[in-house]
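Asks: Quick note on numbering: the sequence shown equals residues 111 to 583 in the numbering used here.
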Amino acid sequence: MQLQLYNTLTHKKEDFVPYTPGTVNMYTCGPTVYHYAHIGNLRSYICEDILEKYMAYTGLKVNRVMNITDVGHLSSDGDTGDDKMLSGAKREHKTVMEIADFYTKAFFEDCDALNIKKPEVVKPATDCIDDFIKVISTLIEKGFAYEAGGNIYFDTSKLDEYYKFGDFSGEDLAVAVRDDVDEDTNKRNKTDFVLWFTKSKFDDQELKWESPWGLGYPGWHIECSCISMKFLGEHLDIHCGGVDNAFPHHTNEIAQSEAYLGHKWCNCWFHVHHLNNKNGKMSKSKGEFLTVSLLKEKGYDPLAYRFFCLGSHYRKSLEFSYENLDNAVTAYNRLIARISKLIPRSDGKADEAEVEKLLTSFDEALANDINTSLAITALMDALKSDASPAVKLAAIERMDSVLSLDLIPHAQALLNTAESTDDIPAEVLELVEQRKAARKEKNFALADELRDRITSMGYVIEETREGTKLKKA
Ligand code: AMP
Ligand code: ZN
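(1) Assign K550 to one of two classes, buried (16 or more other C-beta atoms within 10 Å of its C-beta) or exposed (fewer than that).
(2) Does the region 475-482 come close enough to the region 442-459 that 3 or more CB-CB pairs lie under 8 Å?
(3) Could you tell me which residues DSSP puts in a beta bridge with D125?
(4) Going by DSSP in three states, S530 sits in which element: helix, strand or coil?
(5) I think L469 touches A505, with their Cβ atoms under 8 Å apart; what is that distance to the nearest whole Å?
(6) With DSSP collapsed to three states, give me the class of P131.
(7) Using only the alpha-carbon positions, how far apart do T531 and E559 sit?
(8) Note the first and the last residue of the continuous beta strand (DSSP E) segment covering P234.
(9) Rounded to a whole number of angstroms, what is the C-alpha to C-alpha distance between D289 and G188?
(10) Would the beta-carbon of I332 fall within 8 Å of that of V231?
(11) How far does the alpha helix (DSSP H) with Y504 in it extend, from its first residue to its last?
(12) With 16 as the cutoff for other CB atoms within 10 Å, does K408 come out buried or exposed?
(13) C139: beta carbon under 7 Å from a heavy atom of the ligand ZN?
(14) With three or more C-beta pairs closer than 8 Å as the rule, is the region 158-166 touching the region 384-404?
(15) Helix or strand or just coil, what does DSSP make of M392?
(16) Would you report the Cα separation of F275 and N377, rounded to the nearest angstrom?
(17) Does DSSP put P322 in a helix, in a strand, or in coil?
(18) Mind listing, in chain order, the continuous alpha helix (DSSP H) runs of no fewer than 4 residues lying wholly within the region 428-479?
(19) Identify the continuous beta strand (DSSP E) that holds C350 and give its terminal residues.
(20) Under 7 Å from any heavy atom of the ligand ZN, does the C-beta of C238 make it?
(21) At a cut-off of 7 Å, is N177 close to the ligand ZN when judged by its beta-carbon and the heavy atoms of the ligand?
(22) Are the Cβ atoms of A485 and L493 separated by less than 8 Å?
(23) Could you check whether the Cβ of Y370 sits closer than 8 Å to any Cβ belonging to chain B?
(24) Look up K406 in the DSSP assignment and say whether it is helix, strand or coil.
(25) Looking only at its own chain, which residues have a Cβ that is under 7 Å from the Cβ of W323, when we skip the five neighbours before and after it?
(26) For the beta strand (DSSP E) that contains N177, what are its first and last residues?
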């Protein structure tokens with residue numbers, strides 16, 4: 111099935127066609143590791159994870175790279191405000207590198223809990239300073255960057271078109287950038303941005319490197335262009351991030367990458383919309399945010415949060431409330447309970463053509479701009495269908511290779527922890543005996559019929575190595 115994705119660059123849904131047939135080069139803006147990731151950040155990574163896994167499901171080979179921002183990101187996302195890493199270090203009386211190590215580890219623990227696959231390449235910005243210096247030097251040579259007041263700036267006036275994502279006019283953009291309180295008078299144009307700082311406004315700037323322009327540190331935007339080009343080459347198929355990254359971060363990434371390469375860089379931009387709480391966008395800088403650990407402390411399974419996220423489309427903002435999460439928990443548990451009932455009824459024989467039939471609408475949903483809520487509906491429909499339990503289980507297993515909700519392991523665990531078989535009505539036990547006999551006779555149709563009658567009386571049957579086990583449904 112042809113994957114279609116909404117491309118923020120062209121403002122339309124398009125066929126996704128990788129530059130090299132069969133292989134996808136995918137880049138993801140990683141976290142700024144000055145604090146825990148909040149569940150909003152993780153919504154973006156969950157959606158990107160589904161995208162990656164769906165592409166792999168369709169047979170594409172995905173090379174995915176992610177940076178870790180441990181230097182250069184200021185609180186404005188532009189060139190003003192506090193240094194995020196420095197503020198984290200101050201908050202906790204630690205060094206920037208200690209903060210970076212701690213929160214990078216915490217980020218991947220959260221990803222593990224949410225079944226978000228770690229990209230093949232994960233690179234901290236501070237590991238790639240030489241690459242940044244090389245690209246900045248070329249940008250200066252090519253006339254796209256200039257030195258002023260000790261810093262190196264990208265000259266946006268040298269581009270035919272600077273803002274590629276939206277319908278902003280130059281005026282609007284200048285206003286967006288003019289929000290700065292401490293406007294930088296070194297800039298030739300409002301939209302110019304820093305590639306390298308040698309004049310830090312932070313007295314206690316911890317991390318500095320030698321460069322042709324003096325001791326200093328990189329701006330935020332240059333890291334993603336350089337790390338992407340270093341590991342994925344000159345042609346990027348897809349670049350992901352939250353929608354807040356589109357401007358200025360991704361806009362500046364395009365500007366500097368294309369100026370450096372002299373040709374188009376990334377074909378498709380995938381932007382995930384925000385998780386909001388009642389005060390608007392959930393954000394680390396506001397200080398009040400929810401983490402995976404907090405959800406766990408409150409007794410939520412992190413995968414129920416994943417399920418909650420999959421219930422809405424990635425291009426719509428998602429409202430978080432405990433009430434909404436609780437509704438998702440109920441639906442997730444119901445789904446697991448229904449799957450658990452299939453397990454004892456499965457004879458393990460799944461006809462491939464039957465399985466494929468159940469997968470069609472699932473595939474269609476995801477091929478249509480990663481419509482996860484429709485994919486979940488397809489899963490529910492598969493459960494309701496008249497396919498055999500073995501076919502249903504095989505289809506669910508394949509769907510879950512993308513959804514990553516651990517549906518079958520959870521269903522199995524539910525079975526294992528079901529109530530003991532005390533107080534089972536005699537009629538039920540009788541049917542169990544009859545079924546045993548039918549199986550011995552290899553009369554599986556009768557055995558299945560008897561199992562259905564047992565199920566309708568509120569019990570499920572499990573075949574184990576020790577023999578048949580019966581539990582309350
Ligand atoms: P940061 O750690 O701030 O660099 O952000 C990491 C990722 O989370 C980026 O792709 C952001 O665009 C994304 N992000 C930030 N806030 C939210 C939110 N409330 N909902 C969804 N994604 C977000
Ligand atoms: Zn980035």
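Even for Gly, the Cβ is constructed at its ideal location relative to N, Cα and C.
Replies: Here's the rundown:
(1) exposed
(2) no
(3) Q114
(4) Residue confidence for S530 is low, a pLDDT of 43 falling below 50, so the modelled location carries little weight; the figure read from the coordinates is stated next. Looking at S530 - three-state DSSP - the assignment turns out to be coil, as it is neither helix nor strand.
(5) 6 Å
(6) coil
(7) Reliability fails at T531, whose pLDDT of 38 lies under 50, so the model's placement of it is uncertain and the value that follows must be treated cautiously. Looking at the two C-alpha atoms, the distance is approximately 21 Å.
(8) 231-234
(9) Caution is warranted here: a pLDDT of 49 is assigned to D289, below 50, making its placement in the model unreliable, and no coordinate value can be reported.
(10) no
(11) Correcting the residue identity first, residue 504 is Ala in this sequence and not Tyr. 499-513 is the extent of the alpha helix (DSSP H) around A504.
(12) exposed
(13) yes
(14) no
(15) coil
(16) 12 Å
(17) coil
(18) 432-452, 462-477
(19) 346-352
(20) no
(21) yes
(22) no
(23) In the displayed structure, chain B is absent; only one protein chain is listed.
(24) helix
(25) E257, I262, W306, T308
(26) 171-178
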